[in-house]
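Structure, as structure tokens:
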Amino acid sequence: MNEILSSIIAEVQAMRSGKFIPYHKMAAAVALIVTVIFSVIFSHSTVFEGRISVIDLDGSKASVQFIHALDASSYIHVKEVIRYPLDRDFMLRHDRVLGVLYIPDGFEEALKRSERSGIKYFADYLNEAQNAEVIETINSVAAAFAAPQGTSAAGIRTEIRRLYNPAFTATNGTLSAFLLFFSSLYLGLTVLMVPGRLRMTGEWEREVMTHSPLALMARAIPYALFYTTAISVMIALLTTFGQLRFAGNVLLYVPALFLCALSIGWMGFIYAFKATNPGQGAELMIFLIPPGFILGGATMATGVLSHEAWLFSHCFPLTWLYHFQRDLVGRGLSADQLLPLFGAFLIYLSILGLLLTLRFARERRRTRIELQVNLL
């Protein structure tokens with residue numbers, strides 16, 4: 001019995017020692033963050049004001065009224081109306097909208113002749129949770145709109161096209177999301193322990209005083225290379241044997257993976273910069289990977305987020321990685337269509353590099369002052 005009590009006390013002391021992960025603090029922090037912060041962000045589980053684009057080739061009074069009726073719904077917000085044909089994959093890029101509604105030429109004339117007029121809705125099903133209310137609203141508005149036009153309630157026929165994952169396979173949704181999440185989780189845990197490891201081994205002072213910030217940033221490169229290699233191999237196997245729909249260019253996907261892994265590494269270094277041991281760095285994991293998984297649209301619809309929360313989600317590297325995954329693997333966007341996303345991400349990566357450089361310069365000044373004081 002004494003041995004059991006001794007073991008329990010030893011683990012409690014290890015938690016409080018500052019040399020190991022302080023789980024007593026982490027448990028409270030995780031519960032608080034999930035309960036308070038995410039309960040505010042996800043105040044409801046329904047997509048209100050789901051953004052859609054409309055291609056209106058009819059341009060008639062009836063089509064305009066129909067669009068206004070959709071926009072007046074609580075579940076749909078018409079982000080833009082295009083009067084000419086446009087590539088739907090391009091319109092759905094970077095999760096700008098949840099789907100594209102197509103109103104053909106002759107829409108009003110068909111209604112006047114009491115004929116069935118057809119519309120098409122192209123739903124982005126890379127996330128299966130986001131279009132349920134939108135599709136239901138389009139159907140109900142179409143049925144209600146037909147009656148005042150002098151036709152039957154079925155006067156407007158709605159055709160739904162579920163894009164990118166028509167067979168509803170878990171490989172294209174859940175499995176891909178978890179592959180990136182768990183791979184990033186272990187990468188994040190590893191890089192968070194690097195600053196603390198350097199301090200414990202006595203290498204930190206030499207790193208700060210004799211090397212440049214680029215040397216510290218370069219420490220993330222080998223981890224990023226292994227991360228990229230492992231995921232690329234798994235994606236290839238899933239594409240060949242696991243029903244994964246890879247519609248993009250692998251020569252764009254691999255660099256995107258590598259750069260996202262670098263961003264995880266650099267943000268991990270920023271978080272754990274003051275850590276005196278690996279355990280202190282590891283305890284910051286809750287702030288590095290999970291927020292991007294929750295807010296990045298991996299399993300929960302991004303349409304649930306407010307605009308402010310959507311912007312905030314881009315503070316985390318995993319959000320960007322899921323954007324690249326959906327645009328490259330799912331939608332198969334070309335290089336020129338991906339330029340805005342790559343450009344924005346490179347700005348984000350530059351900001352991380354700048355923040356890490358500033359922390360490095362401040363640490364060098366502090367270390368230099370301490371050395372001068374010790375000499376005196």
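All the letters of the sequence shown, read from the start, carry residue numbers 1 to 376 under this note's numbering.
Glycine included, every Cβ here is placed at the ideal spot set by N, Cα and C.
As the structure is a prediction and not an experimental result, all values here were calculated from the model.
Sequence-distant residues of its chain with Cβ nearer than 7 Å to residue i (five each side left out)
| i | result |
| --- | --- |
| Met267 | Leu288, Pro317 and Leu352 |
| Ala224 | Phe258, Ala261, Leu262 and Gly265 |
| Thr171 | Leu238, Gly242, Gln243 and Leu244 |
| Leu192 | Gly268, Tyr271, Ala272, Gly281, Ala282, Leu284, Met285 and Leu288 |
| Ile9 | none |
| Tyr186 | none |
| Val389 | The structure shown does not extend to residue 389, since the chain is modelled only from 1 to 376, so the question has no answer here. |
| Thr151 | Confidence at Thr151 is low in this model, with a pLDDT of 48, below 50, so its placement is unreliable and the value that follows should be read with caution. So the list reads Leu111 and Ser114, once near-sequence residues are dropped. |
| Thr367 | Glu205, Val208 and Met209 |
| Ile160 | Tyr121, Ala123 and Ile135 |
| Gly332 | Asp89, Ala247 and Gly248 |
| Ser60 | Phe107 and Glu108 |
Exposed unless 16 or more other CB atoms sit within 10 angstroms - verdict on residue i
| i | result |
| --- | --- |
| Glu406 | No answer is possible for residue 406: it lies beyond the span of the chain, which begins at 1 and ends at 376. |
| Ala404 | Because the chain in this structure spans residues 1 to 376, residue 404 falls outside the shown range and cannot be described. |
| Thr190 | buried |
| Tyr75 | buried |
| Ile294 | buried |
| Ile2 | The sequence given here places Asn at residue 2; Ile does not occur at that position. With fewer than 16 Cβ atoms within 10 Å of its Cβ, Asn2 is classed as exposed. |
| Pro291 | buried |
| Val233 | exposed |
| Arg83 | exposed |
| Ala153 | Bear in mind that a pLDDT of 44 at Ala153, under 50, signals an unreliable position, so the number given afterwards is only what the model happens to contain. Answer is exposed; the Cβ neighbour count stays below 16. |
| Arg362 | exposed |
| Thr210 | exposed |
| Phe181 | buried |
| Gly196 | buried |
| Asp336 | exposed |
| Leu358 | exposed |
| Val12 | exposed |
| Ala220 | buried |
| Gly202 | exposed |
| Ser306 | exposed |
| Glu133 | buried |
| Thr240 | exposed |
| Ser313 | buried |
| Ile4 | exposed |
| Asn374 | exposed |
| Ile347 | exposed |
| Ala28 | exposed |
| Leu198 | buried |
Cβ-Cβ distance between residue i and residue j below 9 Å
| i | j | result |
| --- | --- | --- |
| Phe48 | Phe107 | no |
| Val377 | Phe360 | Any answer about residue 377 is impossible in this case: the structure gives the chain only from 1 up to 376. |
| Val329 | Phe226 | no |
| Tyr322 | Gly296 | yes |
| Met200 | Pro278 | yes |
| Leu252 | Leu338 | yes |
| Asp58 | Pro104 | yes |
| Ala129 | Met300 | yes |
| Leu163 | Asp124 | yes |
| Ala236 | Phe324 | no |
| Leu356 | Pro222 | no |
| Ser73 | Thr137 | yes |
| Ala144 | Ala62 | no |
Cβ-based neighbour list, residue i, same chain, cut-off 8 Å, excluding 5 preceding and 5 following
| i | result |
| --- | --- |
| Val100 | Ile52, Ser53, Val54, Ile55, Arg88, Met91, Leu92, Tyr121 and Phe122 |
| Leu349 | Leu259, Leu262, Ser263 and Trp266 |
| Ser183 | Tyr227, Ala230 and Ile231 |
| Ser334 | Asn249 |
| Ser86 | Per the sequence shown, the amino acid found at residue 86 is Leu instead of Ser. Around Leu86: Ile55. |
| Ala167 | Gln243 |
| Ser6 | none |
Cβ shell of residue i (< 6 Å), same chain only, five flanking positions each side left out
| i | result |
| --- | --- |
| Arg326 | Leu126 |
| Arg364 | Val208 |
| Ala298 | Ala177 and Tyr322 |
| Arg16 | none |
| Asn139 | Thr158 |
| Ile119 | Ile103 and Thr158 |
Closer than 8 Å: residue i CB and nearest the ligand FAD heavy atom
| i | result |
| --- | --- |
| Tyr322 | This structure simply doesn't include the ligand FAD, nor any ligand for that matter. |
- Message: Below 8 Å, how does it come out for the region 172 to 185 and the region 337 to 354: are there three or more Cβ pairs, yes or no?
- Response: no
- Output the residue ranges of the alpha helix (DSSP H) runs that lie fully inside the region 100 to 132 and measure 4 residues or longer, sorted by chain position. Assignment of alpha helix (DSSP H) within the region 100 to 132, counting only whole runs of 4 or more residues, yields 107 to 112 in chain order.
- alpha helix (DSSP H) runs contained entirely in the region 250 to 321, provided each spans 4 or more residues: 250 to 271, 278 to 282, 290 to 295 and 307 to 313
- At which residue ranges does the region 134 to 209 contain complete alpha helix (DSSP H) runs of 4 or more residues, listed in the order of the chain? Taken in chain order, the complete alpha helix (DSSP H) segments of 4 residues or longer contained in the region 134 to 209 are 174 to 192 and 194 to 200.
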